[in-house]
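Engineer: I'd like to ask you about the structure that follows.
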Amino acid sequence: MSARVVRRRAGRVPFIVGAVLVGLAVAAVLLSLVWTPMDPTATDAINRLQGPSAAHPLGTDTLGHDVASQLLAGARPPLLVGVGAVAISFALGLPYGLLAALAADWWRVRWVDTLLMRASDVAQAFPALLLAIVLAAVYGGGTVTATVALGIGAAPGVARIVRSGARQVLSREYALAARASGRGAWFTAVRHVLPNIRGGLAVQATVGFAMAVLAEAGLSYLGLGTAAPAPSWGRLLQESQGSIYVQPLLVVWPALAIGLTVLGLTLLGDGLRDRFDAREEA
């Protein structure tokens, strides 16, 4: 077996591990839509702070909520915010980056490209999490506010990646041939540019997803994300910290869920990048 084959097979491991971890998080969301062991918002004052048992596989929290049910239902907000934030960032950043690249290399109006990128730099100077906190203070917290803020905050990064990849593609022979044959700028962008930068876009999507999940957990921890009584991993972490010496597992479960989901998305992104890099080398 050649060293190249060994490296290729070893490179699949992070991708597989990441896909499994992300798949488990998605399965938790889908399962919670149709079934949870108990009502995640129901309280039981008699059975507060119980350890794992047959009735409560992961124990109960300070109000008697079933932790397993809350973990399943708590997967919804971070993953939905992640999907929404990535969709918004691509809806804004993709055409913006293509416009900048076309202005520089197709229409030869470089000042437009410069202006667009400087505006993107200014927008990128404001962290998405800070923008989410400001919007939450003005309009009130919630998943919608978090999704919009994180999506807008991530759009400049998407735009820069799209612009960089598009400019490389527009300088290649097939793109120049399309221009010489009279093809339009946006036709060339859709027909030639997007298919050839899909690897970078896929990696950016997974990274953006991971950052959005982490940011939503942080916002919920601060009380600016998912509103009570709906469970969210970040809010579960915040509510359980006061009982860390009495029942430390209450902190472990949501922290583990957040960490493994972010790790899975990161490994999935790394695996996708390696796969697309291998195809380009071939």
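Residue -6 is where the sequence shown starts when you use this note's numbering, and the numbers rise one by one after that. Cβ atoms here follow ideal geometry from the backbone N, Cα and C, with glycine treated the same way.
#1: Cα separation between Pro188 and Leu194?
#2: Does DSSP classify Thr53 as helix, strand or coil?
#3: Which residue marks the beginning of the alpha helix (DSSP H) containing Phe83, and which one marks its end?
#4: Under a three-way DSSP split, which group does Asp32 fall into?
#5: What are the residues that DSSP puts in a beta bridge with Asp267?
#6: Return the CA-CA distance between Gly175 and Leu261, expressed in angstroms with no decimal places.
#7: Is Asp37 helix, strand or coil by DSSP?
#8: From which residue to which residue does the alpha helix (DSSP H) around Pro149 run?
#9: Excluding sequence positions up to five away, which residues of its chain have a Cβ less than 7 Å from the Cβ of Ser82?
#10: Between Arg111 and Gly86, what straight-line distance do the alpha-carbon atoms span, to the nearest angstrom?
#11: Please classify Arg153 as buried or exposed, where buried requires at least 16 other C-beta atoms within 10 Å of its C-beta.
#12: Can you tell me where the alpha helix (DSSP H) holding Asp106 begins and where it ends?
#13: Tell me the rounded alpha-carbon separation between Trp100 and Gly158.
Structural biologist: Put simply:
#1: For this step, residue 188 is matched to residue 195 along the sequence shown. For this step, residue 194 is matched to residue 201 along the sequence shown. If you take the alpha carbons of Pro188 and Leu194, they lie about 10 Å apart.
#2: One-based indexing of the sequence shown puts residue 53 at position 60. Reduced to three states, the DSSP call for Thr53 is strand.
#3: In the sequence shown, the residue the question calls residue 83 occupies position 90. Where Phe83 is concerned, the enclosing alpha helix (DSSP H) stretches over Arg69 to Asp98.
#4: The residue you call residue 32 lines up with position 39 of the sequence shown. Here Asp32 sits in coil by DSSP.
#5: Position 274 of the sequence shown, counting from 1, holds the residue named residue 267. In the DSSP output, where bridge partners are listed per residue, Asp267 has none listed.
#6: Here the question's residue 175 lines up with position 182 in the sequence shown. Here the question's residue 261 lines up with position 268 in the sequence shown. The alpha-carbon atoms of Gly175 and Leu261 are separated by roughly 39 Å.
#7: For this step, residue 37 is matched to residue 44 along the sequence shown. Correct three-state label for Asp37: coil.
#8: Translated into the one-based positions of the sequence shown, residue 149 becomes position 156. Unbroken alpha helix (DSSP H) run through Pro149: Thr136 to Leu163.
#9: Working through the sequence shown from its first residue, we reach residue 82 at position 89. Result list for Ser82: Gly144, Ala147, Ala148, Val151 and Gly201, in chain order.
#10: Residue mapping note: residue 111 aligns to position 118 of the sequence shown, counting from 1. Residue mapping note: residue 86 aligns to position 93 of the sequence shown, counting from 1. So the alpha carbons of these two residues sit roughly 14 Å apart.
#11: Here residue 153 corresponds to residue number 160 of the sequence shown, with the count starting at 1. Per the 10 Å Cβ criterion, buried.
#12: Along the sequence shown, one-based indexing puts residue 106 at 113. Looking at the DSSP string, the run of the alpha helix (DSSP H) that includes Asp106 is Arg103 to Gln117.
#13: On the sequence shown, position 107 is the one that residue 100 refers to. On the sequence shown, position 165 is the one that residue 158 refers to. Approximately 17 Å, taken between the alpha carbons.
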